[in-house]
Amino acid sequence: MLMQKVSSEQIRDARNLLRIAGEEFCAMVGIGRRTLQRIEYDQDLMERTAYGTIMKIVETLEEAGVEFLTDGTVKKRSGGISSGGGSTP
């Protein structure tokens, strides 16, 4: 569960770290591709996005194995679900 502020950059970095395509991630979360692009690249817009939407994005990324760190970065935890995009190093 989210206990800290998460940035647009962290969301973008987390999805890229997992190597999940935008369309696939949108289907997982239940949002449109354009919405995801806006959230990932516009901090102001992200902060105005419904809390439930951001929570769903963060929870999906955490369930997939991402940890949001307090220093504004992300890292991959072991034991996350596979995105189906092949193995990652």
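Start counting the sequence shown at 4; every next residue gets the next number (the working numbering). Each residue gets a CB set at the ideal place from its N, CA and C atoms; glycine is no exception.
**Study point:** Cutoff 6 Å; reference F28; Cβ partners in own chain excluding five residues on either side
**Key:** On the sequence shown, residue 28 is found 25 positions in, with the first residue counted as 1. Within the same chain, F28 has close Cβ partners R18.
Review point. Hey, quick one: how far does the beta strand (DSSP E) through K59 stretch, first residue to last?
Key: Residue 59 sits at position 56 when you count from the first residue of the sequence shown. Unbroken run through K59 is the alpha helix (DSSP H), Y54 to E66; no beta strand (DSSP E).
Check your understanding: Given a threshold of 16 other Cβ atoms within 10 Å of its Cβ, counted over all protein chains shown, does M58 qualify as buried or as exposed?
Key -> Here residue 58 refers to the residue found at position 55 of the sequence shown. That one is exposed.
**Study point:** Straight-line Cα distance separating L21 from S10
**Key:** Counting from one through the sequence shown, the residue named residue 10 turns up at place 7. Counting from one through the sequence shown, the residue named residue 21 turns up at place 18. The straight-line gap from Cα to Cα measures roughly 17 Å.
Review point. For V77, which beta-bridge partners are listed by DSSP?
Key: Residue numbering aside, residue 77 sits at position 74 when the sequence shown is read from its first letter. Answer is F71, bridged to V77.
Exercise for review: Find out if the Cβ-Cβ distance for the pair Y54, R15 is shorter than 9 Å.
Suggested key: Here residue 54 refers to the residue found at position 51 of the sequence shown. Here residue 15 refers to the residue found at position 12 of the sequence shown. No; because the gap between Cβ atoms is not below 9 Å, this pair is not in contact.
**Study point:** Burial state of G75 (16 or more Cβ within 10 Å)
**Key:** Residue mapping note: residue 75 aligns to position 72 of the sequence shown, counting from 1. So G75 ends up on the exposed side.
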